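Undergrad:
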Amino acid sequence: MGPFWRIEYLDADGPEQIRHAVRENIFYGADRIKLVADNSRSFYSLEEIRTAVEVAHGAGLAVAVHVLDDAPAKNVILGGADSIEHGFYLSDEVLRLMKEKGTVLVSTDFPADHFVAGHAYPTEAESREDARKILDRLRRAYKIGVKLGFGTDIVIDLPNETRADMTWDYLAGWKAAGVPPAEILKSMTTIDAELLRINKQRGAIAPGLAADIVAAPADPLDDIEALRKINFVMKNGKIVRRP
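Note that this note's numbering has the sequence shown beginning at 50, numbered continuously upward.
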């Protein structure tokens, strides 16, 4: 994979190498562990996933795993990982297993325009078709009752859009998948905080938690797109933006 891979990742094959790699990350201060389960035609076994989870959970850290397809996803779910990142091509059978085990789906549903701009496929039609399939998976996951975490995977630049703008582009997909605004807000806040194991410090408006609050001129429970116009921000009880 070249220099990028060597900078971003540790290669680990087999339970003992995985155990060492997770411990190395923990030693150097990682507060989450992420695995890449299926970035090639082979993928991590159930034993390998269980080993990573055992070490990470023993240190109080959550485990997220990059997964796209069913076969590796089953090992990830049964191995006890906290979340699947992406999971673009999961079947209803695997989504039901996720619900049963409480595995969170951080779905990173690329907007079609992002796929097209990033040349994900040779043709625009292919990019838009894949974005449609990914969105259908989100629709099915919500109907089945999978716990959903809000996440993005912004890897391109778009003209006249900031990273914040591009984050909000994902909202249209969640709306199209039939996820109600209140559930989207939960995915962004309490569910993500629980997944990241910071729910005792932040993620909700409650006594004893950090006063992280945003406000908008319109009610996002009526239209989640209202989040595009946030005009008040409080961080740790300090106002950092006001109307």
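Using N, Cα and C, we set each Cβ at its ideal position, and we do this for glycine too.
All values derive from a computational prediction rather than experimental measurement.
Who are the Cβ neighbours of Ala-253 in its own chain at under 6 Å, not counting the five residues just before and after it?
TA: Within the sequence shown, the letter at position 204 stands for residue 253. Correct list, in chain order: Thr-239.
Undergrad: How is the alpha helix (DSSP H) around Phe-164 delimited, first residue to last?
TA: Taking the first residue of the sequence shown as position 1, residue 164 is located at position 115. Counting along the chain, the alpha helix (DSSP H) containing Phe-164 begins and ends at 161 to 166.
Undergrad: Grouping DSSP H, G and I as helix and E and B as strand, with all else coil, what is Ser-176?
TA: In the sequence shown, residue 176 corresponds to position 127, counting from 1. The answer is helix: DSSP assigns Ser-176 an H, G or I state.
Undergrad: For Ser-89, count neighbouring C-beta atoms within 10 Å of its own C-beta (all shown protein chains included) and say buried if the count is 16 or more, exposed if not.
TA: Translated into positions along the sequence shown, residue 89 becomes position 40. Exposed, since its Cβ has fewer than 16 Cβ neighbours within 10 Å.
Undergrad: What are the partner residues of Lys-287, as DSSP defines its beta bridges?
TA: The residue labelled residue 287 in the question sits at position 238 within the sequence shown. Looking at the DSSP assignment, Lys-287 forms a beta bridge with Lys-284.
Undergrad: Please report how far the alpha carbon of Asn-168 lies from the alpha carbon of Ala-174, in whole angstroms.
TA: In the sequence shown, the residue the question calls residue 168 occupies position 119. In the sequence shown, the residue the question calls residue 174 occupies position 125. It is worth fixing the name first, because residue 168 is His in this sequence and not Asn. Between His-168 and Ala-174, the C-alpha separation is close to 11 Å.
Undergrad: Classify Glu-103 as helix, strand or coil using the three-state DSSP reduction.
TA: Locating residue 103 in the sequence shown gives position 54, where the first residue counts as 1. Glu-103: helix per DSSP, three-state reduction.
Undergrad: Taking 8 Å as the cut-off, decide whether the C-beta atoms of Ile-183 and Phe-137 are in contact.
TA: In the sequence shown, residue 183 corresponds to position 134, counting from 1. In the sequence shown, residue 137 corresponds to position 88, counting from 1. A contact, by the Cβ cut-off of 8 Å.
Undergrad: Within the continuous alpha helix (DSSP H) that includes Lys-123, where are the two ends?
TA: Here residue 123 corresponds to residue number 74 of the sequence shown, with the count starting at 1. Its alpha helix (DSSP H) spans residues 119 to 127.
Undergrad: Identify whether Glu-134 lies in helix, strand or coil by the three-state DSSP scheme.
TA: Sequence index remark: in the sequence shown, residue 134 carries index 85 (1-based). Residue state, collapsed to three classes: strand.
Undergrad: For Val-104 and Val-71, I'd like the C-alpha separation in whole angstroms.
TA: On the sequence shown, residue 104 is found 55 positions in, with the first residue counted as 1. On the sequence shown, residue 71 is found 22 positions in, with the first residue counted as 1. Whole-angstrom Cα-Cα distance: 7 Å.
Undergrad: Assuming contact is defined by CB atoms lying nearer than 8 Å, are Leu-127 and Ile-75 in contact in what I supplied?
TA: Position 78 of the sequence shown, counting from 1, holds the residue named residue 127. Position 26 of the sequence shown, counting from 1, holds the residue named residue 75. Not in contact: Leu-127 and Ile-75 (Cβ atoms no closer than 8 Å).
Undergrad: Out of curiosity, what's the CA-to-CA distance linking Ala-130 and Thr-211?
TA: Along the sequence shown, read from residue 1 onward, the residue named residue 130 stands at position 81. Along the sequence shown, read from residue 1 onward, the residue named residue 211 stands at position 162. Between Ala-130 and Thr-211, the C-alpha separation is close to 32 Å.
Undergrad: Can you grab the Cα-Cα spacing for the pair Lys-123 / Ala-225, in whole Å?
TA: Counted from its first residue, the sequence shown places residue 123 at position 74. Counted from its first residue, the sequence shown places residue 225 at position 176. Distance between the alpha carbons of Lys-123 and Ala-225 is about 27 Å.
Undergrad: Which same chain residues, not among the five before or five after Val-155, have their C-beta less than 6 Å away from its C-beta?
TA: For the purposes of this step, residue 155 is identified with residue 106 of the sequence shown, where counting begins at 1. Correct list, in chain order: Ser-132, Glu-134, Gly-198, Gly-200.
Undergrad: Taking only runs that begin and end inside the stretch 202 to 264, name each unbroken beta strand (DSSP E) of 3 or more residues, in chain order.
TA: The stretch 202 to 264 contains these whole beta strand (DSSP E) runs: 262 to 264.
Undergrad: Run through DSSP, which three-state label would Ile-193 get?
TA: Sequence index remark: in the sequence shown, residue 193 carries index 144 (1-based). It is helical.
Undergrad: Tell me the rounded alpha-carbon separation between Asp-261 and Glu-65.
TA: For the purposes of this step, residue 261 is taken as residue 212 along the sequence shown, with counting starting at 1. For the purposes of this step, residue 65 is taken as residue 16 along the sequence shown, with counting starting at 1. Approximately 41 Å between the Cα atoms of the pair.
Undergrad: For Arg-189, collect the residues of the same chain with a Cβ closer than 7 Å to its Cβ; drop the 5 residues on either side in sequence, then sort them by chain order.
TA: On the sequence shown, residue 189 is found 140 positions in, with the first residue counted as 1. If we look at Arg-189 and ignore the five residues flanking it on each side, its Cβ neighbours are Asp-141, Leu-144.
Undergrad: For Gly-198, which beta-bridge partners are listed by DSSP?
TA: For the purposes of this step, residue 198 is identified with residue 149 of the sequence shown, where counting begins at 1. In DSSP, Gly-198 forms a bridge with Val-155.
Undergrad: Is Leu-276 helix, strand or coil by DSSP?
TA: Here residue 276 is taken as the residue at index 227 of the sequence shown, counted from 1. Looking at Leu-276 - three-state DSSP - the assignment turns out to be helix.
Undergrad: Helix or strand or just coil, what does DSSP make of Leu-270?
TA: Your numbering for residue 270 matches position 221 in the sequence shown. DSSP places Leu-270 in coil when its eight states are reduced to three.
Undergrad: Out of Tyr-170, Ala-79, Tyr-58, state which residue places its alpha-carbon closest to the alpha-carbon of Val-85.
TA: As a working note, residue 85 is residue 36 in the sequence shown. Of the candidates Tyr-170, Ala-79, Tyr-58, the one whose C-alpha sits nearest the C-alpha of Val-85 is Tyr-58.
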